[in-house]
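*Asks:* In our numbering, the protein residues as written are 13 to 315.
Below you'll find the structure I mean.
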């Protein structure tokens with residue numbers, strides 16, 4: 013049995029390549045340039061410019077006649093001519109026009125249009141470059157190199173600043189984490205102390221309750237014993253005597269010969285009134301002795 017492969021659908025043809033690319037276009041004038049595109053940092057923006065645009069956008073960096081690069085060191089004011097339309101400085105020995113008003117080679121249409129670069133030549137003509145065009149390309153290359161060197165310095169400073177900011181942010185983050193850890197530890201310790209205090213309060217209340225219960229039980233038991241004793245003392249026995257009378261010893265009578273009227277009177281008082289303590293009797297005797305009619309000798313009589 014023969015297995016036939018499934019039919020395949022034909023793929024669509026790839027689109028033709030674009031005749032122009034962004035890498036070959038000037039970022040200022042938009043002209044397509046096959047060679048001599050320079051990377052320039054202009055006003056904080058990286059751009060790719062052709063030779064003419066590099067020179068036109070940096071007029072104060074070179075002499076428009078001899079294309080000498082100043083490298084941030086323009087000639088002395090006495091040895092230069094300032095253009096009336098741009099900020100370029102021309103050497104005094106390179107300036108051919110009268111001093112005022114002076115127009116540099118870049119601002120003069122006739123002189124600037126006479127400059128022919130290799131990019132402006134037709135493709136059929138041989139690729140040649142004259143001395144002035146070579147001087148212009150070299151000056152543009154120096155300007156681009158100086159601009160990118162400054163861009164590298166700026167980028168390095170920005171990177172160092174970001175590193176410092178990152179280190180500072182990391183330090184602050186570490187301090188914040190340590191502070192959070194301290195707060196967590198403090199809160200956990202407070203929670204543990206609160207739990208211990210709550211446990212101690214619960215145990216103390218239980219002990220206090222048990223102590224109060226035992227106290228009330230003892231009081232109730234004491235009251236019950238007292239009531240039992242009272243009931244027992246008030247209940248007569250078989251002989252008709254109460255418990256307190258049974259325990260009371262019998263009084264021994266004294267012979268009549270030993271009793272005096274005062275003693276008889278005291279005995280009657282003792283029978284009628286309850287027995288007083290010995291201290292009260294002693295005080296009473298001393299009072300009676302003091303109130304008696306006995307006469308005491310005076311101090312003059314003794315003498």
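All residues carry an ideal CB built from backbone N, CA and C; glycine is no exception.
1) Give me the residue from 173, 202, 235 and 159 with the minimum Cα distance to residue 59.
2) Report yes if the CB atom of residue 95 is closer than 8 Å to the CB atom of residue 114, and no otherwise.
3) Within the chosen definition, does the region 61-79 reach the region 39-53 through at least 3 CB pairs nearer than 8 Å?
4) For residue 291, does the three-state DSSP call read helix, strand or coil?
5) From what residue to what residue does the beta strand (DSSP E) around residue 102 run?
6) Note down, in chain order, each residue of its chain lying with its Cβ closer than 7 Å to the Cβ of residue 39, except the 5 sequence neighbours on either side.
7) Whole angstroms is fine: what's the gap from residue 321's alpha carbon to residue 175's?
8) Which same chain residues end up closer than 6 Å to residue 178 when comparing Cβ atoms and leaving out the 5 residues on each side of it in sequence?
9) Throw me the rounded Cβ distance for the residue 102 and residue 76 pair, which I believe falls under 8 Å.
10) Provide the residue span of the alpha helix (DSSP H) that contains residue 67, from first to last.
11) What residue range is occupied by the uninterrupted beta strand (DSSP E) comprising residue 117?
12) Buried or exposed: which applies to residue 192, given that a residue is buried once 16 or more other Cβ atoms fall within 10 Å of its Cβ?
13) Determine the DSSP secondary structure at residue 77, reduced to helix, strand or coil.
14) Please work out which residues of its chain come closer than 6 Å, Cβ to Cβ, to residue 151, disregarding the five sequence neighbours upstream and downstream, and give them in chain order.
15) Look at the alpha carbon of residue 142 and the alpha carbon of residue 149, and state the distance between them as a whole number of angstroms.
16) Please look up how many angstroms separate the CB atoms of residue 104 and residue 118, rounded, as I've assumed it's under 8 Å.
*Replies:* Looking at the coordinates:
1) 159
2) yes
3) yes
4) Low local confidence applies: a pLDDT of 48 at residue 291 is under 50, so the model's placement there is unreliable, with the coordinate-based value given in what follows. Here residue 291 sits in helix by DSSP.
5) Looking at the DSSP string, the run of the beta strand (DSSP E) that includes residue 102 is 101-103.
6) Cβ neighbours of residue 39 beyond the five flanking positions: 59, 60 and 61.
7) Outside the displayed span of the chain (13 to 315) sits residue 321, for which this structure offers no information.
8) none
9) 6 Å
10) 63-69
11) Run containing residue 117: none; DSSP gives neither H nor E here.
12) exposed
13) coil
14) 74, 79 and 81
15) 11 Å
16) Between residue 118 and residue 104 the Cβ distance is about 18 Å, and since that is not below 8 Å, they are no contact.
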